[in-house]
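Here the structure is laid out as structure tokens; the discussion comes afterwards.
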Amino acid sequence: MTSTDTSTGFPGWNPTGARRPSPSAGHAAAVESAAEQRTDELVDLVERSRSGCHESYRRLVELHQDRIYRFCLGWVGNVEDAQEICQDTFVKAYSALPRARSAEHFSAWIYRIARNHCHDHHRSRRQRNASRNRPLHPDDGDRFVSPSHAPDETAVRSERWGQLEAGIASLPVPLREVLILCGIEGLSHEECSGILSCSRRAVEGRLYRARTQLSEWLERKSG
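In this note's numbering, the protein residues as written are 469 to 691.
Written out as structure tokens, the structure reads:
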């Protein structure tokens, strides 16, 4: 068992050192088996974390940190704010873990905490009329530009991502968060409906409208 990180109040927070698992290339049965194993691992980690095992919670943070950070980044459009909200999310989850209803739904639960923090941040920023935003960069979250890209290709990708980021930011919040969860993070409609507390049909409708509006926005900007 390891000690709690005194700088954050919970074990495992590392905004620059998280690792993304490699995507599975197996057939459907292998994917299903891997998903079941991952669920079992999550349940075990949650139960151990509830019992005070800091190393188990550190592992939970590692498994979710990248996705939660990208969700917050897409939601608030500001790197510093996204890092702060992501950290606050895991602090809140750590303190509330003993009261969490189901270990099996930890992933959806942590997304909901992040979403609530994003909503609070949005309301607070509107109230104080903050102007701290800086545009997203493709390197933020280590997702959009590979270090192997040539400088000219990186510049093109950077420009395209800047347009895409602005288009996503222009969407109404209900459409934006569905697009981030399903379109960018690759969550299923069922998972998304659990996070957003709405029906699967509502998720499908919002996702369709989000993609349509984003496409129309990009068309107007490119025309």
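Even for Gly, the Cβ is constructed at its ideal location relative to N, Cα and C.
Straight-line Cα distance separating residue j from residue i
i      : j      : result
Ile648 : Arg679 : 11 Å
Pro615 : Ser665 : Because Pro615 carries a pLDDT of 36, less than 50, the predicted location of this residue cannot be relied on, and no value is offered for it.
Ser517 : Glu684 : 46 Å
Asp549 : Leu565 : 24 Å
Gln533 : Lys689 : 33 Å
Glu523 : Val529 : 10 Å
Arg526 : Glu515 : 13 Å
Ala694 : Ile663 : Any property of residue 694 remains undetermined from this structure, which presents the chain solely from 469 to 691.
Tyr562 : Gly635 : 34 Å
Tyr693 : Glu633 : Since the first residue shown for the chain is 469 and the last is 691, residue 693 is missing from the structure and cannot be characterised.
Ile578 : Gly520 : 18 Å
Arg449 : Phe558 : Beyond the ends of the chain as shown, which are 469 and 691, falls residue 449; an answer cannot be given.
Asp508 : Gly542 : 29 Å
Ala498 : Asp512 : Any reading at Ala498 is ruled out, since the residue's pLDDT is 45, under 50, leaving its predicted position unreliable.
Arg583 : Leu531 : 18 Å
Ser592 : Cys540 : 15 Å
Ala576 : Val547 : 23 Å
Thr472 : Val641 : Note that Thr472 has pLDDT 48, beneath the 50 cutoff, so the model's placement of it is unreliable and no number is given.
Gln551 : Arg569 : 26 Å
Nonlocal neighbours in the same chain, by C-beta distance under 8 Å from residue i, ignoring five residues either side
i      : result
Lys560 : Ile581 and His585
Glu672 : His657
Gly651 : Leu675, Ala678 and Arg679
Residue range of the unbroken alpha helix (DSSP H) whose run includes residue i
i      : result
Ala568 : No alpha helix (DSSP H) holds Ala568; DSSP gives it neither H nor E.
Cys540 : His522 to Val544
Ile663 : His657 to Leu664
Leu643 : Val641 to Val646
Gly673 : Arg668 to Ser690
Own chain partners of residue i with C-beta closer than 7 Å, once the 5 adjacent residues on each side are dropped
i      : result
Leu639 : Leu647, Ala678, Gln681 and Leu682
Arg668 : His657, Glu658 and Ser661
Gln631 : Leu686 and Lys689
7 Å Cβ cutoff met for residue i and residue j
i      : j      : result
Phe574 : Leu643 : no
Ile553 : His590 : no
Ala694 : Gly545 : No answer is possible for residue 694: the residues shown for the chain start at 469 and end at 691.
Glu653 : Arg506 : no
Neighbourhood of residue i by C-beta distance below 6 Å, restricted to the same chain and skipping five residues each side
i      : result
His587 : none
Leu655 : Leu649
Contact with chain B by residue i, beta-carbon distance below 7 Å
i      : result
Ser563 : In summary, chain B is missing from the structure at hand, where a single protein chain is found.
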